[in-house]
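Engineer: Line order of the protein sequences matches chains A and B. When the letters of the first sequence are read in order and numbered with the numbering used here, they come out as residues 494 to 881. When the letters of the second sequence are read in order and numbered with the numbering used here, they come out as residues 494 to 881.
There are 2 protein chains.
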Amino acid sequence: MESIKDIEKILQEISKTIEDDASYEQIMSSMCTPPPKIAREIAGLFAEKNLGDPGLFPQTIRLEKEVLETLASFLHAPKGWIGTTTSGGSESNLLGCWAARNWSQKKKEIEKGKIIFPMSAHVSFEKAADILGLQIVWAPLNDNYQVNIEKLNELINPDTVGLVGIAGTTGTGACDNIQALNDLAEDHELYLHVDAAHGGMILPFLDKLGLESPIFDFRNSNVSSITIDTHKIFGNIIPGGSIIFRSKEFTNTIKKKVEYLADSNTEQLTITGTRPATPVIAAWVLLKKFGEDYILSRVKYSLDMTSYIVQRLQEIPEIIVSFEPPLNIIGFTTNVMTNQELVEQLQQKGWQLSLYAHWIRIVVMPHMTKKAINHFILDLRTILKEGA
Amino acid sequence: MESIKDIEKILQEISKTIEDDASYEQIMSSMCTPPPKIAREIAGLFAEKNLGDPGLFPQTIRLEKEVLETLASFLHAPKGWIGTTTSGGSESNLLGCWAARNWSQKKKEIEKGKIIFPMSAHVSFEKAADILGLQIVWAPLNDNYQVNIEKLNELINPDTVGLVGIAGTTGTGACDNIQALNDLAEDHELYLHVDAAHGGMILPFLDKLGLESPIFDFRNSNVSSITIDTHKIFGNIIPGGSIIFRSKEFTNTIKKKVEYLADSNTEQLTITGTRPATPVIAAWVLLKKFGEDYILSRVKYSLDMTSYIVQRLQEIPEIIVSFEPPLNIIGFTTNVMTNQELVEQLQQKGWQLSLYAHWIRIVVMPHMTKKAINHFILDLRTILKEGA
Numbered sequence: 494m495e496s497i498k499d500i501e502k503i504l505q506e507i508s509k510t511i512e513d514d515a516s517y518e519q520i521m522s523s524m525c526t527p528p529p530k531i532a533r534e535i536a537g538l539f540a541e542k543n544l545g546d547p548g549l550f551p552q553t554i555r556l557e558k559e560v561l562e563t564l565a566s567f568l569h570a571p572k573g574w575i576g577t578t579t580s581g582g583s584e585s586n587l588l589g590c591w592a593a594r595n596w597s598q599k600k601k602e603i604e605k606g607k608i609i610f611p612m613s614a615h616v617s618f619e620k621a622a623d624i625l626g627l628q629i630v631w632a633p634l635n636d637n638y639q640v641n642i643e644k645l646n647e648l649i650n651p652d653t654v655g656l657v658g659i660a661g662t663t664g665t666g667a668c669d670n671i672q673a674l675n676d677l678a679e680d681h682e683l684y685l686h687v688d689a690a691h692g693g694m695i696l697p698f699l700d701k702l703g704l705e706s707p708i709f710d711f712r713n714s715n716v717s718s719i720t721i722d723t724h725k726i727f728g729n730i731i732p733g734g735s736i737i738f739r740s741k742e743f744t745n746t747i748k749k750k751v752e753y754l755a756d757s758n759t760e761q762l763t764i765t766g767t768r769p770a771t772p773v774i775a776a777w778v779l780l781k782k783f784g785e786d787y788i789l790s791r792v793k794y795s796l797d798m799t800s801y802i803v804q805r806l807q808e809i810p811e812i813i814v815s816f817e818p819p820l821n822i823i824g825f826t827t828n829v830m831t832n833q834e835l836v837e838q839l840q841q842k843g844w845q846l847s848l849y850a851h852w853i854r855i856v857v858m859p860h861m862t863k864k865a866i867n868h869f870i871l872d873l874r875t876i877l878k879e880g881a
Numbered sequence: 494m495e496s497i498k499d500i501e502k503i504l505q506e507i508s509k510t511i512e513d514d515a516s517y518e519q520i521m522s523s524m525c526t527p528p529p530k531i532a533r534e535i536a537g538l539f540a541e542k543n544l545g546d547p548g549l550f551p552q553t554i555r556l557e558k559e560v561l562e563t564l565a566s567f568l569h570a571p572k573g574w575i576g577t578t579t580s581g582g583s584e585s586n587l588l589g590c591w592a593a594r595n596w597s598q599k600k601k602e603i604e605k606g607k608i609i610f611p612m613s614a615h616v617s618f619e620k621a622a623d624i625l626g627l628q629i630v631w632a633p634l635n636d637n638y639q640v641n642i643e644k645l646n647e648l649i650n651p652d653t654v655g656l657v658g659i660a661g662t663t664g665t666g667a668c669d670n671i672q673a674l675n676d677l678a679e680d681h682e683l684y685l686h687v688d689a690a691h692g693g694m695i696l697p698f699l700d701k702l703g704l705e706s707p708i709f710d711f712r713n714s715n716v717s718s719i720t721i722d723t724h725k726i727f728g729n730i731i732p733g734g735s736i737i738f739r740s741k742e743f744t745n746t747i748k749k750k751v752e753y754l755a756d757s758n759t760e761q762l763t764i765t766g767t768r769p770a771t772p773v774i775a776a777w778v779l780l781k782k783f784g785e786d787y788i789l790s791r792v793k794y795s796l797d798m799t800s801y802i803v804q805r806l807q808e809i810p811e812i813i814v815s816f817e818p819p820l821n822i823i824g825f826t827t828n829v830m831t832n833q834e835l836v837e838q839l840q841q842k843g844w845q846l847s848l849y850a851h852w853i854r855i856v857v858m859p860h861m862t863k864k865a866i867n868h869f870i871l872d873l874r875t876i877l878k879e880g881a
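(1) I'd like the list of long-range same chain contacts for A:ASN641, defined as Cβ closer than 8 Å, with 5 residues on each side in sequence excluded.
(2) Can you look up B:PRO611 in the DSSP assignment and give me helix, strand or coil?
(3) Does chain A have any CB closer than 9 Å to the CB of B:ARG533?
(4) Is it buried or exposed for A:ASN867, if we count other Cβ within 10 angstroms and need 16 for buried?
(5) Please determine, among A:LEU779, A:GLY548, A:SER516, A:ILE659, the residue with the shortest C-alpha to C-alpha distance to B:GLN519.
(6) Give every residue of the same chain whose Cβ lies closer than 7 Å to the Cβ of B:TRP596, excluding the five residues on either side of it in the sequence, and list them in chain order.
(7) Please give me, in chain order, every unbroken run of the alpha helix (DSSP H) with length at least 4 that falls completely inside the stretch 813 to 874 of chain A.
(8) Does the stretch 717 to 732 of chain A come into contact with the stretch 577 to 597 of chain A, if we say contact requires no fewer than three beta-carbon pairs (one atom in each stretch) closer than 8 Å?
(9) Taking only beta carbons into account, state which residues of the stretch 730 to 749 of chain B come closer than 7 Å to chain A, listed in chain order.
(10) How many Å lie between B:LYS793 and B:LEU702 at the Cα?
(11) Does DSSP classify B:TRP777 as helix, strand or coil?
(12) Can you give the beta carbon distance from A:ASN670 to A:GLN639, rounded, assuming they're within the 8 Å contact cut?
(13) Below 8 Å, can you find three or more Cβ-Cβ pairs linking the stretch 763 to 781 of chain B to the stretch 541 to 556 of chain B?
(14) Are B:GLN826 and B:HIS851 closer than 9 Å when you measure CB to CB?
(15) What is the residue span of the alpha helix (DSSP H) that B:GLY692 lies within?
(16) Using a cut-off of 7 Å between C-beta atoms, extract the partners of A:SER583 located in chain B.
(17) Have a look at the DSSP bridge pairing and note the partners of A:VAL657.
(18) Mind listing the chain B neighbours of A:HIS851? Cutoff is C-beta to C-beta under 7 Å, in chain order.
(19) Taking only runs of the beta strand (DSSP E) that begin and end inside the stretch 560 to 642 of chain A, which ones reach a length of at least 3 residues, in chain order?
(20) Is the stretch 817 to 824 of chain B in contact with the stretch 795 to 805 of chain B, if contact means three or more CB pairs nearer than 8 Å?
(21) Between the C-alpha atoms of B:LYS749 and B:LYS864, what's the straight-line distance to the nearest angstrom?
(22) Give a yes or no on whether the C-beta atoms belonging to B:SER735 and B:ILE726 are separated by under 9 Å.
(23) Pair every Cβ in the stretch 651 to 658 of chain A with every Cβ in the stretch 686 to 694 of chain A, then say whether three or more of these pairs are closer than 8 Å.
(24) Check each candidate in B:TYR801, B:ALA565, B:PHE550 and name the one with the smallest Cα separation from B:MET694.
(25) Compare the C-alpha of A:ILE603 against each of A:LYS498, A:PRO651, A:HIS860, A:GLY880 and name the closest.
(26) Under 8 Å Cβ-Cβ, which residues of chain B neighbour A:ALA540?
(27) Which ranges does the beta strand (DSSP E) cover as unbroken runs of at least 3 residues, wholly within the stretch 731 to 791 of chain B, from first to last along the chain?
(28) Where B:ARG533 and B:PHE783 are concerned, what is the direct C-alpha to C-alpha distance, given to the nearest angstrom?
(29) Taking only the alpha-carbon atoms, compute the straight-line gap between A:LEU699 and A:ASN828 and give it to the nearest angstrom.
(30) Nearest to B:SER585 by CA position, among B:SER617, B:ILE774, B:GLU559, B:LEU780, is which residue?
(31) What are the residues that DSSP puts in a beta bridge with A:CYS525?
(32) What does the alpha-carbon distance come out to for the pair B:ILE629 and A:LYS607?
(33) Could you tell me whether any Cβ in chain B is nearer than 9 Å to the Cβ of A:MET524?
(34) Give the straight-line distance between the Cα atoms of A:VAL751 and B:ARG555, rounded to the nearest whole angstrom.
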């Protein structure tokens, strides 16, 4: 079955089988984006490498360390940081909450803990709290969709095992006031996890684009851990998650020794055992060979396109833009039909957007071309005209 | 940077950078194995697809369903089963234990639960218990390295949230007596999770090879969930995990609704949100296009090679084979040096084996050639002669 002819035939067949999946040309709702060709090549070429067995693949493990070093430097991690690549932001957030619970329970002997999440927190935090047996305390947002610091402060009590701040929320791209959260973490001696799954590969580069950049990272001395994904705007292959911890103090209670591997001193921070090396190798190439220009151009392009789309939306009388985009996420609504009706009608024309409680969301990614956007605006105008 | 010439140059450079990683020709300690060429092609070709956003990729989701249907049929899952692909056996085992805890707590109002693991359980269960806040109760093994049913029975108490059986342990390949565990689960109304990460793609095919096959699966009416991996002997690309649950009764307490995706009715059973589609597409091709012959030939080859290696080891006077291999895992030891010394000396000759408490482990996989094995035996004899 493995002749080249057979392989090509099967690949053609399978491409045909799934050709009705949405095409990225019309996907306006995803934080993922097609990876560059070289990352795809790596996905195939090194598919046999398993980062879960470091004794076998010490050189690839070295690349992982270098990738983590680069990510840690983006986040201004201090000497003594420790990190790991993961299966994605959800695993990273679970690891952060796990460390928060175990570290706090060890320190304060809390029996059944509570964890404070902003209302804007990703669904992975709900999963994490349930798994960890933590009670969620939801902190409301302010008018800028950031967590309301004053109200959050009132929610802290002796059972609190940690605070979570979001640097680039899923719904609006807002960055919480991490400096204020940092002060609260200091006052109450709390673990502070920052979810920068989305923002982590955008915010560190805003300065260089002449934009204001919030101090969301380890420069705040009480930030304990940060989630950062490479499979979002950075364009790595999935699964490209990572988490960086300030120090081993926070990982000592969650690491597990694995004795049956080639290197019998292996310690794992991850949920996973066996895990693919290809996203790490691809991240290494994109970081070390493509470098900062590659990142800056992707961030700049996405932010420029965000401004362009907002401008085009504002030209349409039936459209209300719901907030000024802090990053590359747009929310809009209309006064001629429900958001759900509009999303469904756009979907019939192939456009994929997502429905939030109070707006329709666009995530502006490097794969979105001006041509496609203009086409989208045209379709949107047509639908609104017919619906009016 | 994305010209074909540049890409080739970078790929050559990276191959050079990591060329000192172990080669599978000499890896005798891994449950992973290099995937077939077509799976590598798929890894690159469909790298942009994200199974975490099913509204965007409904056709690929259909393939996932078909893969799960096939795996469920291998495991004799009854009508009403539900499952998901995962990031690997570790996530699957965590999901199984999570469901066990939540299902039991709902049913019996247990405050702080205990879970019974065989001493042979994979490290992922230790992680799962810590994360879930469950106390581990370790059940000892019998002389065949299966969990000791009588002793396990004595460990069950009102706080027990579940039992775990292993169908193909990491250390010896032993399959626990799942039928006996099933009876205990029935008597005590307990959740029963079976870890067949390794054995799940071997045991269902033993019958057809004229070998005895234990009844380890859903034919036991109290088995609640089973972990099964496709990235082990089956040769899928990593991460190829899955879990099948007997019914929604067991997943109702762990599923999470995700509203911000293209399909706003998405429910996730996984820890992960974004997750790669390529292992699912590759599994589909290997299952549907390569089919049963492909699986049978891999299983047969690995078991035949296991017998061959055992025979060759038994010819060496200084070697003691530690147990009769139930599957494709061999344990051996020597009387002329410590196991650690022997593993290290073999490693100096490039051979990768793993060290267990009482033996050196070989996992016999489809990538191991007779030529390599003969070479290994020669090196082993030389080391033992020099060490004697």
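C-beta: ideal position from N, C-alpha, C; glycine also. Bear in mind that the values here come from a model prediction, so they are computed numbers and not experimental data.
Structural biologist: The relevant details are as follows:
(1) Locating residue 641 of chain A in the first sequence gives position 148, where the first residue counts as 1. Answer for A:ASN641: ALA632, PRO633, LEU634, ASN635, listed in chain order.
(2) As a first step, residue 611 of chain B must be located in the second sequence, where it is residue number 118. Strand, per DSSP.
(3) Mapped onto the second sequence, residue 533 of chain B falls at position 40. Chain A, which has a Cβ nearer than 9 Å to the Cβ of B:ARG533, makes this yes.
(4) As a first step, residue 867 of chain A must be located in the first sequence, where it is residue number 374. A:ASN867 should be labelled exposed.
(5) Taking the first residue of the second sequence as position 1, residue 519 of chain B is located at position 26. When the alpha-carbon of B:GLN519 is set against those of A:LEU779, A:GLY548, A:SER516, A:ILE659, the nearest one is in A:GLY548.
(6) Taking the first residue of the second sequence as position 1, residue 596 of chain B is located at position 103. Contacts found: TYR684, PHE743, THR746.
(7) 832 to 841
(8) By the C-beta criterion, the stretch 717 to 732 of chain A is judged to be in contact with the stretch 577 to 597 of chain A, since at least 3 inter-stretch pairs fall below 8 Å.
(9) ILE730, ILE731, PRO732, LYS749
(10) Residue mapping note: residue 793 of chain B aligns to position 300 of the second sequence, counting from 1. Residue mapping note: residue 702 of chain B aligns to position 209 of the second sequence, counting from 1. Roughly 7 Å separates the two Cα atoms.
(11) Residue numbering aside, residue 777 of chain B sits at position 284 when the second sequence is read from its first letter. Three-state DSSP puts B:TRP777 in a helix.
(12) On the first sequence, position 177 is the one that residue 670 of chain A refers to. On the first sequence, position 146 is the one that residue 639 of chain A refers to. A:ASN670 to A:GLN639, Cβ: 6 Å. Contact.
(13) yes
(14) Reading the second sequence from its first residue, position 333 is the one you call residue 826 of chain B. Reading the second sequence from its first residue, position 358 is the one you call residue 851 of chain B. Rather than Gln, the amino acid found at residue 826 of chain B in this sequence is Thr. Yes, the Cβ-Cβ distance between B:THR826 and B:HIS851 is below 9 Å.
(15) For the purposes of this step, residue 692 of chain B is taken as residue 199 along the second sequence, with counting starting at 1. No alpha helix (DSSP H) holds B:GLY692; DSSP gives it neither H nor E.
(16) To locate residue 583 of chain A, count along the first sequence from 1; it is residue 90. Under the 7 Å cutoff, chain B gives ILE764, THR765, GLY766.
(17) Locating residue 657 of chain A in the first sequence gives position 164, counting from the first residue. Partner(s): A:HIS686.
(18) Walking along the first sequence from the start, residue 851 of chain A turns up at place 358. Identification of chain B residues near A:HIS851 by a Cβ-Cβ cut-off of 7 Å yields none; the smallest Cβ-Cβ distance measures about 12 Å.
(19) Listed in chain order, they are 575 to 579, 607 to 611, 628 to 632.
(20) Contact between the stretch 817 to 824 of chain B and the stretch 795 to 805 of chain B is present, with at least three C-beta pairs closer than 8 Å.
(21) Start at 1 with the first residue of the second sequence, and residue 749 of chain B comes out as number 256. Start at 1 with the first residue of the second sequence, and residue 864 of chain B comes out as number 371. Rounded to whole angstroms, B:LYS749 to B:LYS864 spans 50 Å at the Cα level.
(22) On the second sequence, residue 735 of chain B is found 242 positions in, with the first residue counted as 1. On the second sequence, residue 726 of chain B is found 233 positions in, with the first residue counted as 1. Contact flag unset, no.
(23) yes
(24) Counted from its first residue, the second sequence places residue 694 of chain B at position 201. It is B:ALA565 whose Cα lies nearest to the Cα of B:MET694.
(25) If you number the first sequence from 1, residue 603 of chain A lands on position 110. Here the closest residue by C-alpha is A:PRO651.
(26) Here residue 540 of chain A refers to the residue found at position 47 of the first sequence. Within chain B, the residues near A:ALA540 are PRO527, PRO528, ALA532, ARG533, ALA536, ILE730, ILE731.
(27) 734 to 738, 749 to 751, 759 to 761
(28) In the second sequence, counting from the first residue as 1, residue 533 of chain B sits at position 40. In the second sequence, counting from the first residue as 1, residue 783 of chain B sits at position 290. Their Cα atoms are separated by approximately 15 Å.
(29) Against the first sequence, residue 699 of chain A aligns to sequence position 206. Against the first sequence, residue 828 of chain A aligns to sequence position 335. C-alpha separation (whole angstroms): 34 Å.
(30) Start at 1 with the first residue of the second sequence, and residue 585 of chain B comes out as number 92. Cα-wise, what sits closest to B:SER585 is B:SER617.
(31) In the first sequence, counting from the first residue as 1, residue 525 of chain A sits at position 32. Answer is none; A:CYS525 lacks a bridge partner.
(32) Sequence index remark: in the second sequence, residue 629 of chain B carries index 136 (1-based). Sequence index remark: in the first sequence, residue 607 of chain A carries index 114 (1-based). As the crow flies, the alpha-carbon of B:ILE629 is around 23 Å from that of A:LYS607.
(33) If you number the first sequence from 1, residue 524 of chain A lands on position 31. Yes, contact with chain B.
(34) Taking the first residue of the first sequence as position 1, residue 751 of chain A is located at position 258. Taking the first residue of the second sequence as position 1, residue 555 of chain B is located at position 62. Straight-line Cα distance between these residues: approximately 36 Å.
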